[in-house]
Amino acid sequence: MMKHPVQIGFSQRVRLEWYESTANLVLAGNDEVSIYHILDEMLKETLSVVGNARRGTREKVITILMKIWVRPPRHLEDMKREGLQFLQRLSRRDRITVHWGMTMAVYPFWGTVATYVGRLLRLQGTATAGQVQRRVREQFGERSTVTRATQRVLRSFIDWGVLQETSERGSYAAGSVLDVTQRDVIAWLVEAALHAHQVRAAPLGTVLESTSLFPFRFSYLPPMRLVAESDRLDLLRYDLNQELITSRSNAPSVARSGGI
Numbered sequence: 001m002m003k004h005p006v007q008i009g010f011s012q013r014v015r016l017e018w019y020e021s022t023a024n025l026v027l028a029g030n031d032e033v034s035i036y037h038i039l040d041e042m043l044k045e046t047l048s049v050v051g052n053a054r055r056g057t058r059e060k061v062i063t064i065l066m067k068i069w070v071r072p073p074r075h076l077e078d079m080k081r082e083g084l085q086f087l088q089r090l091s092r093r094d095r096i097t098v099h100w101g102m103t104m105a106v107y108p109f110w111g112t113v114a115t116y117v118g119r120l121l122r123l124q125g126t127a128t129a130g131q132v133q134r135r136v137r138e139q140f141g142e143r144s145t146v147t148r149a150t151q152r153v154l155r156s157f158i159d160w161g162v163l164q165e166t167s168e169r170g171s172y173a174a175g176s177v178l179d180v181t182q183r184d185v186i187a188w189l190v191e192a193a194l195h196a197h198q199v200r201a202a203p204l205g206t207v208l209e210s211t212s213l214f215p216f217r218f219s220y221l222p223p224m225r226l227v228a229e230s231d232r233l234d235l236l237r238y239d240l241n242q243e244l245i246t247s248r249s250n251a252p253s254v255a256r257s258g259g260i
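In this text, residue positions in the sequence shown follow the UniProt record's numbering: the first is 1, and each later residue adds one.
Structural data, given as structure tokens:
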């Protein structure tokens, strides 16, 4: 498959409560224009100081929130609708799984940063900002925009409670780990991971053990049971002992360096 670079897109620190507010506005039936103006008013106090730069930051944050829960790419519309249904039934603590999955599907850069953070946590128990920055720059290039975007994603992870700062400056440890037991939510997150890593198919174990999902721990689910939970996933058996979970999405399929 042809390699294609992932665009950054997600370049701001975005709090979890802003996600909640945006999704609630959608669930309440507000139209796109109304949601934009409500978010703009809501964020004025937090992201508004004298000067164009901060006003630009507010607009960028709203753009991110709108792209995730209001107008995602067309191939993610069904995922959005199902994700909103999950938000209505899940507890506030469990809803992080849905916001995380939708973010990494819409903005693969989020999943890329998570992948490197998760790998470092798995290998050594901590991850430093410098280590993550170096790995992300190796993939995306030595650009100031890459450095800033990576730092803001890391700060978002801290805000969300999935990372916590240690006594050493710039060093992070794992935060809360959430057990995910609902079969339909697990299937939905598998689909999100396939989109985030921009692959059409992967072994189920590989997806569920992906470090891009480091804040979550999954109950075991046989592949056949998993695909039964989603109209958008299929099971492909490519030899006697190997099965792949595949996505039926019409999204462009591209290769990623570093694997899933």
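Backbone N, C-alpha and C fix where the C-beta goes; we use that ideal spot for every residue, glycine too. Owing to the predicted nature of the structure, the values given are computational and were not obtained by experimental measurement.
Pick from the options: whose alpha carbon is nearest that of residue i?
i: L39; options: K67, R71, S21, A28; result: S21
i: Y116; options: F86, Q182, V132; result: V132
i: S212; options: R134, Y107, T166; result: Y107
i: residue 263; options: G141, G170, L233; result: This structure cannot settle anything about residue 263, because the visible part of the chain is limited to 1 through 260.
i: V180; options: I35, G101, K80; result: G101
i: S249; options: I260, V207, H195; result: H195
i: A187; options: L226, L235, S144; result: L226
i: V136; options: P215, M42, W110; result: W110
i: I8; options: R148, D31, G161; result: R148
i: L244; options: Q85, A202, S34, M79; result: A202
i: M104; options: T166, F157, Q124, L121; result: F157
i: D78; options: Y238, T166, L236, R232; result: R232
i: Q198; options: L47, S91, I260; result: I260
Any beta carbon of chain B sitting closer than 8 Å to that of residue i?
i: V207; result: In summary, chain B is missing from the structure at hand, where a single protein chain is found.
Between which two residues does the alpha helix (DSSP H) containing residue i stretch?
i: Y36; result: 32-43
i: L16; result: 16-27
i: S144; result: 144-160
i: E138; result: 129-140
i: I96; result: 96-106
i: R92; result: Where R92 is concerned, there is no enclosing alpha helix (DSSP H), given that its DSSP letter is neither H nor E.
Label residue i either buried or exposed according to how many other C-beta atoms from any shown protein chain fall within 10 Å of its C-beta, with 16 as the threshold for buried.
i: H99; result: buried
i: E82; result: buried
i: M224; result: exposed
i: H37; result: exposed
i: G118; result: buried
i: G56; result: exposed
i: R89; result: exposed
i: S176; result: exposed
i: S230; result: buried
i: H4; result: With a pLDDT of 42 at H4, under the threshold of 50, the modelled position of that residue is not reliable, and the figure given next carries that caveat. Classification for H4: exposed.
i: S91; result: exposed
Based on DSSP bridge pairs, tell me the residues matched to residue i.
i: residue 285; result: This structure does not reach residue 285, given that the chain is present from 1 up to 260, and the question cannot be answered.
i: Q164; result: A173
i: I245; result: A202, L235
i: T211; result: Note: T211 sits in no beta bridge, so no partner.
i: T126; result: A173
Starting from residue i and walking both ways along the beta strand (DSSP E), at which residues does that stretch end?
i: A228; result: Element bounds for A228: n/a, residue is neither H nor E.
- Task: Pair every Cβ in the segment 13-30 with every Cβ in the segment 87-96, then say whether three or more of these pairs are closer than 8 Å.
- Result: Taking 8 Å as the limit for Cβ pairs, the verdict is that the segment 87-96 does touch the segment 13-30.
| Is it true that the segment 172-187 meets the segment 203-222, where meeting means three or more beta-carbon pairs spaced less than 8 Å apart? | Under the three-pair Cβ rule at 8 Å, the segment 172-187 counts as touching the segment 203-222.
* Asked: Are the segment 155-173 and the segment 119-131 touching, with three or more C-beta to C-beta distances below 8 Å?
  -> Segments in contact, yes.
- Task: Decide if the segment 62-74 is in contact with the segment 136-151; the criterion is three or more beta carbon pairs, one per stretch, under 8 Å apart.
- Result: No, the segment 62-74 is not in contact with the segment 136-151.
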